[in-house]
Amino acid sequence: MLAETTQGYLPDEALPILSVHDLQAHFRTDRFGVKRDVKAVDGISFAVRRGEIYGLAGESSSGKTTLIKTIAGAVRPPLEVVGGRVDFAFLPSYGGLHRAPAAEVARIRWRHLSYIMQGSMNVLNPLRRLWASFVDFAYPHIGGSRKQFEQEVVAHLARLRLDPSVLAAYPHELSGGMRQRATIALATICRPDLILADEPTNALDVVVQKEVLGMISGIQREIGSSVLLVTHDLGVHAHVTGRLGIMYAGRLIEEAATAEIFRNPLHPYTRHLISSLPRIGDDVPRQGLEGAPPNLADPPPGCRFHPRCPLAMEICRCQVPATLETAPAHRVACFAVNRSAQP
Amino acid sequence: MSELLLDVSQVSKTFTRGGLLSRQRIVAVDDVSFQLDARRPEIFAIIGESGSGKTTLSRMILNVETPSSGKLLFDGTDLAAIRTSASRMSFMQKVQPIFQNPFESFNPLRRLERYLFMTQRRFIAADQRVTPEMAVDAALHKVGLSLKEVSRRYPHELSGGQLQRVAIARALLANPKLIVADEPVSMIDASLRISIVNLFKTLRDDLGISIIYVTHDLATAYYISDRIMIMQKGNVVESGDARTVLKAPQHPYSRQLREAALLPEAATDLSVSMTHLTSPRASER
Amino acid sequence: MTAILRDLLRHNTEFRTGAVLVGIVLLLSAMASFSPYPPQDVFVVPPDVPPSLTYWFGTTSRGQDVFWQLSFAIRNTLLFGCTVALISRLLALVIGLLSGYRGGWIDRALMSVNDTFIVIPLLPILVLFYFVMRDRMSWLLLASIMACLGWAYDARLIRSVAMSLKAREFTQSSLFSGMSTREILVQEHLPYVMPIVFSTSMNNMVWSIGLEVTLAVLGFTDINTPTIGGMIYWANQHTAMVAGVWWWIAFPTIAVIMTFIGLFLLAVSMNDYIDPRSRLHSFGGAS
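Residue numbers (my numbering), protein chains in the order written: chain G, 811 to 1153; chain Z, 199 to 483; chain W, 121 to 407.
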């Protein structure tokens, strides 16, 4: 049995595992007298419940990468957290990992919070064998004797259909899919409460991608972790996530159960996104969206989507739409949608 | 003018790696053949994963890579016989590339319009009625942009979708007969992807340009291609009419690809989507 | 261009310091045009006078004013360094770019020549040239010889950048836009190679001046044309340190140190600005 090494808190079942409240993170640069303030994350609030897979979808310059970096505590200049809080159920008091002392961060990393990153080579040390990575990251949390630990690791690898011989290999000797599975094994062996996954299958072939996604959901189901999955690929969200949040230009514009988003998207951006996806077997011609995502250093006032929105009204240019629960468990930030939903 | 625009016959490419003591032979493309008809412009999709040889094949068609065996004939001319710079220019005028990464397609340190004006100057004979500015503006209009928007801009000032359109406009300025597009939309946002893909359709229908569309994305290939060819590890696994092959693939690898394609329909299929679970942690400890 | 320099002067301390140092040195060398004494003449002023109001830097044992001698010396030394840097940069650029872009047998041939030049031991060859040419060794000839010995390392560096640029897609775009090899090398690749050229030319100047000083101190150059090394050579000949005429050695040394540090600071501070990667970084905001 694994030794429990938590120190002094009682997990509250009702508390969400991750709660982000009005988070604002900007990139502030001052080069050669030119000041730029890129509002990459501008007031985002959402929560991830226990045991669920929550997806964040967004395109380039939507701010999703900055968001996950901020949640993971990788906040270094020129990135600054300007406002808001990030609270974990296992680390309630600091308002963000970047504010917590190093000892606390070391305590929760891999044990309560772990990562599956975009490139598996970002996590695995290319100069050391896989076994060394497990020892470095997981052993301090799991403890026990080396032999026991080895047995744990082998058993865990079997869940991901990896042969124990991969432990003796260097990362570059494995294929991309195997490497990513090894990264998932590393991220899940301590049975963390929350896994942050940033484009986990981006560089993989389609067939391998499906396999790896299946493993992520399988393992998640087995050990009961929550997963925050960030990717631009809506197909991935459709297959894996339970709830989905759509990001646009640093803001969260819609959030609902994944099935609901695909069946009944409300925000004009989401509607266009969903309808523009080509499908095999469907010959209907599709229309693209005009314009381009805004420059976050100089975003449009009010609702950031209004320059491209077919439903834009006067108020959209002046005020930022609030995120309201338009339908049960379905939040939308749009004046047009929320207005028509009101009696 | 010959009947065949492009005749690829039994083309193979082998790479050898390593030094004197250990040589590795990698067969990137193995005995591939297909033809494109000159009278009927079409969109021909080459589908494969990484390592399938599709990029190497597209590079051979562009005459950037020479085949180890087999022949490539474009408009009756054997690519291997293109040696002088004049014949090379004449070939490049008729065959133009579109690359995967729009930000890499242009030198980040130079202005975009340079490439447009350069292409126009080098490939099109001077015409008194049409100034270079008019020609470039016309090409940009065909892709939904204008010279005013692009003038004096650097690549980083535009989005991926806009840059890719500029790349297509540049290719159009040479007045080509064939465009070889290697993963042209894979690095572009989903909402902008469909407009580029629609643009390819317009190029085929309105301008009569044939397009070789190299991709791993089955959905967009289905959407615009006339014929497709599926490659695996250098070999052609299946080919034929796009609708037929993708709706009912025959070869096991094609079937595998088809099943693995993550389609949005899955979200509304309740048996696949995940519902949130209560934590079983207490019993596991 | 002026906007860039103004920005650098305003915001970058290193650049300011470097600019000040180099500025002082340049001013000194410009003043040589106003010298009341021809540089080759000896015993025009009382010898061995320490620095005073009449003779700012003192006088040498050969009866020359150190200040005016130094102004000629630093001018000649700088000219020498610039010439060597210019010629060797040109060689390195042409060979490096051509070799990297073309590849094949051109690359192999040029790189064999390159490697030969890297292996040549500099000092013995220069001494050999001196002994063979002796009286006909003018500083221009010496500069040319040193330029021919100094291009090899940097050519390889430029070649590797050229090779990586060839693999990038915009090179293909340029090709299919109808550009010739020469046009691609000059218009597309050169901007990427310039920061290397710039910082290595600073390096090169420092190296050539150092070598020239060494040769002069040893007496292997034309010692009648005043150079920094020449001044130190004569100071040694007259055992200046022992005789207590410290100003003869001190001021040339300080001048050459100021030159080196100034050039280094300029190169380092401009590099940050000119380097394409850091410039691109300053353009984009992240998502």
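All C-beta atoms in this analysis are idealised placements derived from N, C-alpha and C, irrespective of residue type, glycine included.
These figures come from a predicted structure and were not determined experimentally.
As computed with DSSP, Ala-1122 of chain G is found in no beta bridge at all. If only uninterrupted alpha helix (DSSP H) runs of at least 4 residues are considered, those enclosed by the region 903-981 of chain G are 912-918, 940-947, 949-952 and 956-969. Residue ranges of uninterrupted beta strand (DSSP E) with 3 or more members, entirely inside the region 288-320 of chain Z and ordered along the chain, are 293-296.
Closest in C-alpha terms to Tyr-312 of chain W, from the list W:Leu-295, W:Thr-291 and W:Ser-328, comes W:Thr-291. Annotated three-state conformation of Phe-163 of chain W is coil, per DSSP. With a contact defined as Cβ atoms closer than 8 Å, Phe-192 of chain W and Pro-372 of chain W miss out at about 11 Å. Shown here for Leu-371 of chain Z: same chain residues with a beta carbon closer than 8 Å to its own, the five before and five after excluded, namely Leu-314, Thr-317, Gln-318, Phe-321, Ile-322, Ala-333, Val-334 and Ala-337 in chain order.
Between Trp-367 of chain W and Pro-171 of chain W, the beta carbon gap of about 5 Å places them in contact (Cβ cut-off 8 Å). For Leu-269 of chain W, the closest alpha carbon among the candidates W:Ser-297, W:Met-253, W:Val-239 and W:Glu-289 is that of W:Val-239. Listed by position along chain G, the residues whose Cβ is nearer than 7 Å to that of Asn-396 of chain Z are Gly-1098. In the DSSP assignment, Met-325 of chain W falls within the unbroken alpha helix (DSSP H) covering 310-337.
For Arg-846 of chain G, the enclosing beta strand (DSSP E) stretches over residues 844-858. Beta-bridge partners assigned by DSSP to Thr-413 of chain Z: Z:Ile-245. Proximity of Leu-307 of chain Z to chain G, defined by a Cβ-Cβ separation below 8 Å, is not satisfied. Here Ala-370 of chain W is actually not in contact with Ile-278 of chain W; their C-beta atoms are around 39 Å apart, not less than 8 Å. Taking Ser-321 of chain W as the centre and dropping the five residues before and after it, the same chain places the C-beta of Ala-205 and Arg-209 closer than 7 Å to its C-beta, in chain order.
Secondary-structure assignment with DSSP links Gly-438 of chain Z through a beta bridge to Z:Ile-426. At a cut-off of 8 Å, the C-beta of Val-262 of chain Z has a neighbouring C-beta in chain W. Residue contact check for Val-1046 of chain G against chain Z: a CB pair falls below 8 Å.
CA-CA distance, Val-209 of chain Z to Ser-284 of chain W, rounds to 28 Å.
By the beta-carbon neighbour count (other beta carbons within 10 angstroms, threshold 16), Trp-354 of chain W is buried.
When Cβ-Cβ separations below 8 Å define contact, Ser-293 of chain W makes contact with chain Z. Gln-294 of chain Z has a beta carbon lying within less than 8 Å of a beta carbon in chain W. Note on Met-1123 of chain G: under 16 other CB atoms within 10 angstroms of its CB, so exposed under the neighbour-count rule.
The C-beta of Phe-321 of chain Z comes closer than 8 Å to at least one C-beta of chain W.
By the C-beta density criterion, Glu-303 of chain W is exposed, having fewer than 16 other C-beta atoms within 10 angstroms. When secondary structure is reduced to three states using DSSP, His-836 of chain G falls in the strand class. According to DSSP, Asp-235 of chain Z shares a beta bridge with Z:Leu-202. Within the model, the alpha-carbon separation for Glu-289 of chain W versus Pro-300 of chain Z is close to 9 Å.
For His-1140 of chain G, the beta-bridge partners assigned by DSSP are G:Ala-1137. At a cut-off of 8 Å, the C-beta of Phe-296 of chain W has a neighbouring C-beta in chain Z. In the structure shown, Ser-1036 of chain G falls within a strand segment according to DSSP collapsed to helix, strand and coil. Non-local beta-carbon contacts of Val-169 of chain W in its own chain, meaning distances under 8 Å to residues more than five positions away in sequence, involve Tyr-175, Gly-178 and Thr-179 in chain order. Beta-bridge analysis with DSSP links Leu-866 of chain G to G:Val-1040 and G:Gly-1055.
Under the three-state reduction of DSSP, Asn-433 of chain Z is assigned to strand.
Residue contact with chain Z for Gly-1024 of chain G: absent (no Cβ-Cβ distance below 8 Å to any residue of chain Z).
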